[in-house]
């Protein structure tokens with residue numbers, strides 16, 4: 005997103021209604037679905053040549069009686085805001101729906117669990133190429149893929165986790181399923197005022213090792229770090245750590261590769 009869209013999203017997040025987050029999330033997902041299916045509507049609601057009030061009136065005309073009053077208020081505010089592109093409006097509405105679900109998780113004391121469940125589900129999918137291919141098939145219908153997600157998580161995760169994992173199938177601004185799931189994990193961590201560190205090690209790490217990594221990264225980034233650990237024997241030894249765009253590669257496989265490169269030179 006460019007600056008105009010980021011500012012609009014921030015303003016909408018700051019004013020997001022808090023009374024009934026579950027209903028709000030459901031209604032915003034419905035609005036996002038409408039924007040996905042109707043590109044012409046996205047363009048009409050973000051057209052800078054159309055007066056903000058006219059865009060708000062259009063949203064009100066289309067959505068009144070179809071979504072709750074809180075979601076309608078958000079939709080009207082979003083429609084009269086400034087967006088750098090029509091796709092940015094869709095992405096913003098999707099992220100606001102995620103915000104509402106995470107607010108519900110926070111209010112009910114399960115935010116940390118939801119973050120962990122989403123991460124672990126992402127690792128399970130990544131470890132199964134066939135499953136990843138099915139869930140990541142963006143040209144396939146969402147309904148059967150959503151049913152598959154629900155069947156995999158039924159009885160094993162919170163309902164909020166299931167809804168968010170299913171919502172990731174829509175792509176969140178054009179992302180692939182795995183990237184959308186990672187974005188939601190990061191949004192959950194950010195809500196807890198944390199950054200996410202993705203740690204991959206050759207062998208499983210102990211709780212003490214994970215705590216030590218979290219503490220050291222917290223000193224580097226100046227905030228709490230939510231560490232998500234995965235094992236990959238191909239690393240041979242050591243760990244890799246990714247925090248946002250930063251990558252720290254201390255694996256033995258990387259050292260061997262560097263050594264081979266240097267010897268070849």
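Residue numbers (the numbering used here): 5 to 269.
For each residue, glycine too, the CB sits at the ideal point set by N, CA and C.
Remember, it's a predicted structure, so these values are computed and weren't measured experimentally.
Under a Cβ-count criterion, where at least 16 other Cβ atoms within 10 Å of its own Cβ denotes burial, should residue i be classed as buried or exposed?
i: residue 11; result: exposed
i: residue 191; result: buried
i: residue 121; result: buried
i: residue 111; result: exposed
i: residue 103; result: buried
i: residue 7; result: exposed
i: residue 79; result: buried
i: residue 118; result: buried
i: residue 212; result: exposed
i: residue 269; result: Its pLDDT being 49, under 50, residue 269 is placed unreliably by the model, and nothing is read from it.
i: residue 74; result: buried
i: residue 85; result: buried
i: residue 251; result: exposed
i: residue 67; result: buried
i: residue 342; result: Since the first and last residues shown for the chain are 5 and 269, residue 342 lies out of range.
i: residue 189; result: buried
i: residue 25; result: buried
i: residue 129; result: buried
i: residue 167; result: buried
i: residue 3; result: Only positions 5 to 269 of the chain appear in the structure, and residue 3 is not among them; the question remains open.
i: residue 173; result: buried
i: residue 224; result: exposed
i: residue 14; result: exposed
Go to residue i, then tell me how far its beta strand (DSSP E) extends in each direction, as first and last residue.
i: residue 10; result: No beta strand (DSSP E) holds residue 10; the alpha helix (DSSP H) holding it covers 7-18.
i: residue 41; result: Unbroken run through residue 41 is the alpha helix (DSSP H), 25-41; no beta strand (DSSP E).
i: residue 251; result: 250-253
If you check the beta carbons only, do residue i and residue j fall under 8 Å apart?
i: residue 100; j: residue 32; result: yes
i: residue 140; j: residue 182; result: yes
i: residue 126; j: residue 186; result: yes
i: residue 243; j: residue 199; result: no
i: residue 97; j: residue 35; result: yes
i: residue 105; j: residue 146; result: no
i: residue 228; j: residue 222; result: yes
i: residue 153; j: residue 136; result: no
i: residue 205; j: residue 233; result: yes
i: residue 46; j: residue 107; result: no
i: residue 255; j: residue 241; result: yes
i: residue 87; j: residue 9; result: yes
i: residue 60; j: residue 83; result: yes
i: residue 37; j: residue 95; result: no
i: residue 63; j: residue 54; result: no
So residue i is in the alpha helix (DSSP H); what residue range does that whole segment cover?
i: residue 64; result: 56-67
i: residue 110; result: 90-111
i: residue 146; result: 146-157
i: residue 246; result: Careful: residue 246 lies outside any alpha helix (DSSP H), inside the beta strand (DSSP E) at 243-247.
i: residue 3; result: Past the boundaries of the shown model lies residue 3; the chain is included only from 5 to 269, so the question cannot be answered.
i: residue 176; result: Neither: residue 176 is in no alpha helix (DSSP H) and is coded neither H nor E.
i: residue 170; result: 163-171
Kindly identify the DSSP beta-bridge partner or partners of residue i.
i: residue 198; result: 228
i: residue 234; result: 204
Taking Cβ positions only, does residue i come closer than 8 Å to chain D?
i: residue 16; result: Annotation note: the requested chain D is absent from the structure, which comprises a single protein chain.
Contained alpha helix (DSSP H) runs [length at least 4] in the region 119-144, N- to C-terminal order:
Listed in chain order, they are 133-139.
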